[in-house]
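Participant: Protein chains in written order, with the numbering used here: chain C, 1 to 219; chain G, 220 to 438.
Just so it is clear, CB atoms sit at the ideal spot from N, CA and C, and this is done for glycine as well.
1) Using the beta-carbon of each residue, which ones in chain C are nearer than 7 Å to residue 370 of chain G?
2) To which residues of the same chain is residue 3 of chain C closer than 8 Å at the C-beta, ignoring the five residues directly before and after it?
3) Buried or exposed: where does residue 58 of chain C fall if 16 or more other Cβ atoms within 10 Å of its Cβ makes it buried?
4) I need the DSSP call for residue 233 of chain G, collapsed to helix, strand or coil.
5) From the DSSP output, which residues share a beta bridge with residue 39 of chain C?
6) Across which residues does DSSP place residue 220 of chain G in a beta bridge pair?
7) Are the region 104 to 115 of chain C and the region 342 to 350 of chain G in contact at 8 Å, needing three or more beta carbon pairs?
8) Between which two residues does the beta strand (DSSP E) harbouring residue 285 of chain G extend?
9) For the region 69 to 83 of chain C, which residues have a beta carbon sitting closer than 7 Å to at least one beta carbon of chain G?
10) Go through its chain and collect everything with a Cβ distance to residue 7 of chain C's Cβ below 7 Å, but skip five positions before and after it.
11) Report the option in C/175, C/162, C/193 whose CA atom is closest to the CA atom of residue 14 of chain C.
12) Three-state secondary structure (DSSP) at residue 289 of chain G?
13) Taking the alpha helix (DSSP H) that residue 389 of chain G falls in, what are its first and last residues?
14) Rounded C-beta distance between residue 287 of chain G and residue 251 of chain G? I'm assuming under 8 Å.
15) Does the region 367 to 381 of chain G come into contact with the region 337 to 344 of chain G, if we say contact requires no fewer than three beta-carbon pairs (one atom in each stretch) closer than 8 Å?
16) Between the region 135 to 151 of chain C and the region 78 to 97 of chain C, do three or more beta carbon pairs fall short of 8 Å?
17) Go through its chain and collect everything with a Cβ distance to residue 163 of chain C's Cβ below 7 Å, but skip five positions before and after it.
18) Quick one: grab the DSSP three-state call for residue 432 of chain G.
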């Protein structure tokens, strides 16, 4: 059984749906992949301690183990889970798989950067740098969302069917705290709502909230 | 034959090795994959025009076509080229492939964000926000490089052999303009030098400089 490393006791400003461990949980719930959670106590900064750094030297969350095999990077974990289940991911070496890769990287390297940095400015809204930088980041984020909106059109998902790429893009869209920013893009709003309405998303959020398997791993 | 969309006539402040079209060119040169270049004239902002947005609605560079098939996101293009050539990428659905994915996403989503944002502050060094923000970003970048340094140790490449993940990480390290920042991490410096010494890297830079295939596609 795989073990997903997730944080609990995160600081109050940090919304649960912002923490990237949600990505692996969501993929596992979509695929019906059994998992246990190894909790890292964020209030004790356990994600920065040597024990966790032996799993993920970057100290970022999440990481995953499968027996002796260690893996970090949320998107690699999503791919591993979907590939292992043979679900929600196109067959290797097909054009559809290339498009899946495209959307995974677009979520994390084209949409996330301006959207995440904008969230950081909101969290630091009294800082001079944040006030000066926010308008530029908002414009960048808006342009990326406009392009995403156009590509989504009336599509339900990024590919023809729901996939791991939607897990990543859906969680990235969670970083948007400005309702007017996302609200200007009707297809993106509908897409995000469609993803958040999935039962597996609700189960992942519940698991992340500590309701599931928390007793399986001692702290 | 694949077509790679690259920019020329980029503004003087933009170093050639910073432009992400280098990633696809480098992968193609490593794999011996024939390609033509479709040049986008950056001085005319052609990457923002409708013709290019029909290939990549985000307007980011690079994109790729293979006949009627269109693909954007540099990392997806690197995967497509390596998968197509059966070179520099582990077999699908193996632990080694999961580690390849891990390193591709680590390059673009863990190392690139602080390193790239730090570069932006250097380009805006007279702005108040840049002066205020740079120390935090430098600390984040330094922590990520320290972890990378530890993981590299005496290894030549991220995986046991050179792979597309090294193309991505190598280009990301190009964003570091502060010699002291990278200089503090000897394994990272040696790794970066090792990558830049590859003949395929030199050929990619030369191609990007407009020396190759420029006449194959009319503007």
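Facilitator: The relevant details are as follows:
1) By one-based count along the second chain, residue 370 of chain G stands at place 151. Within 7 Å of the CB of residue 370 of chain G, the CB atoms of chain C belong to 57, in sequence order along the chain.
2) Against the first chain, residue 3 of chain C aligns to sequence position 3. Correct list, in chain order: 35, 36, 37, 38, 64, 65, 66, 217.
3) Translated into the one-based positions of the first chain, residue 58 of chain C becomes position 58. By the 10 Å Cβ count, residue 58 of chain C comes out buried.
4) What you label residue 233 of chain G is simply residue 14 of the second chain in a count that begins at 1. Under the three-state reduction of DSSP, residue 233 of chain G is assigned to coil, being neither helix nor strand.
5) On the first chain, position 39 is the one that residue 39 of chain C refers to. Residue pairing by DSSP places residue 39 of chain C opposite C/6 in a beta bridge.
6) Numbered from its first residue, the second chain carries residue 220 of chain G at position 1. According to DSSP, which records beta bridges pairwise, residue 220 of chain G is partnered with nothing at all.
7) As far as the Cβ criterion goes, the region 104 to 115 of chain C does not touch the region 342 to 350 of chain G, which means the pair count is below three.
8) Walking along the second chain from the start, residue 285 of chain G turns up at place 66. Residue 285 of chain G -> beta strand (DSSP E) spans 282 to 285.
9) Those would be 69, 71, 72, 73, 75, 76, 79, 80, 83, in chain order.
10) The residue labelled residue 7 of chain C in the question sits at position 7 within the first chain. Counting only Cβ-Cβ distances below 7 Å, and skipping sequence neighbours, we find 19, 21, 40, 42, 47, 61.
11) Stepping through the first chain from its first residue, residue 14 of chain C is reached at position 14. With distances taken between CA atoms, residue 14 of chain C lies nearest to C/175 out of C/175, C/162, C/193.
12) Here residue 289 of chain G corresponds to residue number 70 of the second chain, with the count starting at 1. In the structure shown, residue 289 of chain G adopts extended strand secondary structure according to DSSP, grouped into three states.
13) Walking along the second chain from the start, residue 389 of chain G turns up at place 170. Where residue 389 of chain G is concerned, the enclosing alpha helix (DSSP H) starts and stops at 383 to 392.
14) Here residue 287 of chain G refers to the residue found at position 68 when the second chain is read from its first residue. Here residue 251 of chain G refers to the residue found at position 32 when the second chain is read from its first residue. So it is not a contact: roughly 24 Å between Cβ atoms.
15) In this structure the region 367 to 381 of chain G does not touch the region 337 to 344 of chain G; the number of beta carbon pairs closer than 8 Å is below three.
16) With the cut-off at 8 Å, the region 135 to 151 of chain C and the region 78 to 97 of chain C do not touch.
17) For this step, residue 163 of chain C is matched to residue 163 along the first chain. Excluding sequence neighbours, residue 163 of chain C sits near 88, 89, 100, 157.
18) Counting from one through the second chain, the residue named residue 432 of chain G turns up at place 213. Bear in mind that a pLDDT of 48 at residue 432 of chain G, under 50, signals an unreliable position, so the model cannot answer this.
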